[in-house]
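Protein sequence lines, in the order shown, are assigned to chains A and B. The numbering used here applies: residue -1 is where the first sequence begins, and numbers increase by one. The numbering used here applies: residue 665 is where the second sequence begins, and numbers increase by one. Notes to accompany the following structure.
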Amino acid sequence: MSVYHRRVASVLKPPPPSVPLVTTGPDERSARRDLLEQIGRLESDLSALFCSAYPRGGFDWAVQSRAGPRVLSLSELERLRDDLAERLHDVRRTLSDRTWVEEQNRRLIEEMMLEPEKHKWVRVGNEDIGERGCKHWHVRPRWGILGMMMNWWRVRISSGCPLAT
Amino acid sequence: MIETGWVDADLEVEFPELRLRWIEHEGGSGRTPPEIKERLRGLSDRYTGGKAVHLRQEPIPWAYRVFFRQVGIDPDDHRTPAEQAALDRMKHGSFRSRNLLDDALVIATVETGVPVMALDADRVTPPLGLRLSHEGERLGEGGRALSVRQIVVADPDRSVAVLFGDIAEDRGVDPETKRMLLCSVQVKGVPEISVEEALWTVTEVLRTGA
């Protein structure tokens, strides 16, 4: 048989039986388990941060609700994980900035106590150092106008919040 | 005796440690006797602002908080029962006494961190369980429409409550209730003994007040 005839014969051969196509959906279980664990860890970190930040106010803790209770889809779990991570990052950064400022204010109080005449009329409150209460440190002249003229300055520490009436 | 409910396969795959536990109690609610009011007052005195703030870091309230997140509830918006009780305590200055059942539920939740809910035992058919809602399903028989794949507490015939949410109108406890089913949901991180303690605490308070 010539080459030509062999090729024609091979083309005319019935095709091999097709292998049945088996379709399998990706197994999401391990991905879902990982995401649920990550969400648990992030929630734990966020809770710890909440306790560290207290009593400071002005933080945004909200992470959008997903209309639960229901079993969330994989993409919803991913979005929730990302939202929690983003919130955690934002709050950590804000808290870090705040604590830096509070540290500066604590140092300022020490300097005020050491050299009040260099910090005339400066006033620092508990809120400025991240603590509760109404206590404040205020540099004021001793003996009023006479103190101002003689450069006699001192730090007055308030006695706290007024009593509830 | 404390019973363990069934959990739908879909839900069990997602949350293998999710359990529904319940106990039957003979009797209804009523007025709170002075000794239970006194117990609530004592609990209020021991509950300080610092404790309320750090509640979310305690193991059991934290476990419920994590579960809330995992099922798509924002626990800062819809609070876990333990945190809600703490918030109410801070707002009102004490745990307010309302009626025997509500007071028993508050005492159990605050003491153990485990939430408990009560159903009218004559209007639900045990065994109870946890499952996902079907398309077009309503809460109870003619209640509000449920969204698809919502987690519900159900008896074999119908849903009776949304998990950590509202109870079907005709399944809850009312002044005519003679028997109750006290149910609690156990999630990952909550020891079995705490759930049992919560259920026993409610029954003990109810018996004291009967």
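The beta carbon of each residue, even a glycine, is placed where N, CA and C say it ideally should be. Quick caveat: nothing in here was measured; it's all calculated off a predicted structure.
Asked                                                                                                                  : Found
Buried/exposed call for M110/A, threshold 16 Cβ in 10 Å                                                                : buried
Members of the segment 760 to 787 of chain B that neighbour chain A once the beta carbon cut-off is set at 7 Å         : none
Nearest neighbour of G807/B, chosen from V824/B, L794/B, E799/B, H798/B [CA to CA]                                     : V824/B
is_contact[G38/A, chain B] using C-beta, thresh 9 Å                                                                    : yes
Whole-number beta carbon distance between A60/A and D738/B, since they are thought to touch under 8 Å                  : 7 Å
C-beta neighbour in chain A for W726/B, strict 9 Å                                                                     : yes
Alpha carbon of A768/B to alpha carbon of L704/B, nearest angstrom                                                     : 9 Å
Whole-number beta carbon distance between R733/B and E41/A, since they are thought to touch under 8 Å                  : 5 Å
Contact list for the segment 48 to 59 of chain A against chain B, Cβ threshold 9 Å                                     : F48, C49, Y52, P53, W59
Residues near R85/A by beta carbon distance below 6 Å, same chain, minus five either side                              : V61
R843/B - partner residues in DSSP beta bridges                                                                         : E690/B
Unbroken stretches of the alpha helix (DSSP H), 4 residues or longer, contained in the segment 708 to 736 of chain B   : 713 to 718, 723 to 734
P697/B to T872/B span [Cα, whole Å]                                                                                    : 8 Å
Range covered by the alpha helix (DSSP H) that runs through G145/A                                                     : 143 to 148
Candidates S758/B, E681/B, R710/B, G793/B: closest to F731/B by CA position                                            : E681/B
CB of Q850/B within 9 Å of CB of R685/B, strictly                                                                      : yes
Reduced DSSP category for M614/B - H, G, I as helix; E, B as strand; rest coil                                         : Because chain B here runs from 665 to 874, residue 614/B falls outside it and cannot be looked at.
Cβ contact (3+ pairs, closer than 8 Å) linking the segment 831 to 839 of chain B and the segment 745 to 762 of chain B : no
Boundaries of the alpha helix (DSSP H) in which A772/B is found, first to last residue                                 : 764 to 776
Residue-chain proximity (V89/A, chain B), Cβ-Cβ < 9 Å                                                                  : no
CB contact below 9 Å: S42/A versus chain B                                                                             : yes
Per-residue DSSP class, three states only, for T744/B                                                                  : coil
G714/B beta carbon near the ligand FAD (any heavy atom closer than 8 Å)                                                : In the structure on display, the ligand FAD does not appear, and there are no ligands present to speak of.
DSSP bridge partner residues for L783/B (one or two, in chain order)                                                   : L845/B
Backbone secondary structure at P139/A - three-state DSSP                                                              : strand
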